[in-house]
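Final position of the sequence shown in the working numbering is 234; the numbers increase by one with none missing.
Structure first, commentary second.
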Amino acid sequence: MKIDPRPSVIEERLKNVKRIIAVTGWKGGIGKSVTACSLALLLAKKGYRTGLFDLDFAGASDHIILGSKNIFPGEKKGLEPPVLAGVKFMSVVFFSENKAVPLRGANVSDAIIELLAITQWGELDFLVLDMPPGINDAALDVMRFARRAEVLAVTTPSVIARSVLDRSLLLYRSLKAPVLGVVVNMARGAASKGSSARLRLDPGLEAALGRPAALLKTAFCRDLSGALEILKLK
Ligand SMILES: Nc1ncnc2c1ncn2[C@@H]1O[C@H](COP(=O)(O)OP(=O)(O)OP(=O)(O)O)[C@@H](O)[C@H]1O
Ligand SMILES: [Mg+2]
């Protein structure tokens with residue numbers, strides 16, 4: 001029987017991370033990445049030791065949202081994430097040099113698992129995972145290997161996105177992954193209720209991308225900040 005040592009290596013690597021938050025949502029382009037980046041920035045600003053890991057091989061975008069330039073992980077018994085705006089940041093883009101990565105499903109899974117196994121996060125209060133759209137091998141592997149991950153599901157008010165959301169929640173329930181709450185992004189009003197956070201469509205968001213300090217001042221970030229309590233992230 002072949003024994004895979006990676007689950008125990010990943011567990012060891014993540015043992016000093018108090019909470020792992022997987023920002024997911026099966027539809028594309030609904031704001032998972034801006035939510036993940038903004039959440040990491042907000043938590044770091046509140047003084048929490050925070051990490052952010054962009055796991056989207058095909059569409060890595062957190063480096064654009066955070067404006068990362070000329071930074072690269074250091075190497076010391078594994079990879080040490082560089083720190084950006086107070087957040088320890090790791091991205092698949094560090095290894096793809098902004099080129100398209102022509103990997104097939106199993107190889108994407110392997111690469112993600114490898115990165116989870118070799119990244120030295122050290123002591124963190126929160127590790128935010130920016131998940132790729134859809135549910136594929138890679139996404140399932142992350143949930144399998146980062147067993148403690150709590151799901152923050154992003155959707156939009158559209159009936160289409162909500163029906164996809166409902167299906168995703170059924171799967172997370174069957175995987176026994178705790179669902180922290182739902183972010184309804186690009187909403188008309190920002191009155192959050194229950195465990196559902198509503199983030200307004202913010203015409204000022206685009207101009208703030210690439211500048212963490214400006215991003216933190218957007219209405220989008222203010223809405224997210226106001227919803228941290230109901231999402232049990234405080
Ligand atoms: N509330 C909002 N107001 C204005 N623009 C927004 C809002 N949310 C997201 N956007 C914009 O929508 C675009 C898509 O956002 P983002 O990349 O975060 O989505 P995603 O779900 O991560 O996409 P993908 O599925 O490709 O990973 C970005 O240009 C982002 O700035
Ligand atoms: Mg994204």
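Glycine is no exception: its CB is placed at the ideal position from the N, C-alpha and C atoms.
Membership of M143 in the alpha helix (DSSP H) is indicated by the continuous run 137-145.
A direct Cα-Cα distance of roughly 42 Å separates K76 from P203. Positions of the alpha helix (DSSP H) runs, each at least 4 residues long and wholly inside the stretch 145-227, are given as 159-174, 205-208, 212-216, 219-227 in order along the chain. No heavy atom of ligand 1 is found nearer than 7 Å to the CB of G189. Counted as a single uninterrupted DSSP element, the beta strand (DSSP E) harbouring R19 occupies residues 17-24. A distance below 6 Å between beta-carbons, with the five flanking residues on each side excluded, links A117 to the following residues of its chain, in chain order: R6, V9, I10. If you keep only unbroken alpha helix (DSSP H) runs of at least 4 residues inside the stretch 39-112, you get 62-66, 93-96.
With fewer than 16 other CB atoms across the displayed protein chains lying within 10 angstroms of its CB, E229 is exposed. From the listed residues H63, G74, A44, K232, the smallest Cα separation to V34 is found for H63. Around the beta carbon of F57, 16 or more other beta carbons sit within 10 angstroms, so the residue counts as buried. Taking C-beta separations shorter than 8 Å and ignoring five residues to either side along the sequence, the partners of P157 in its chain run V184, M186, A187, R188, following chain order.
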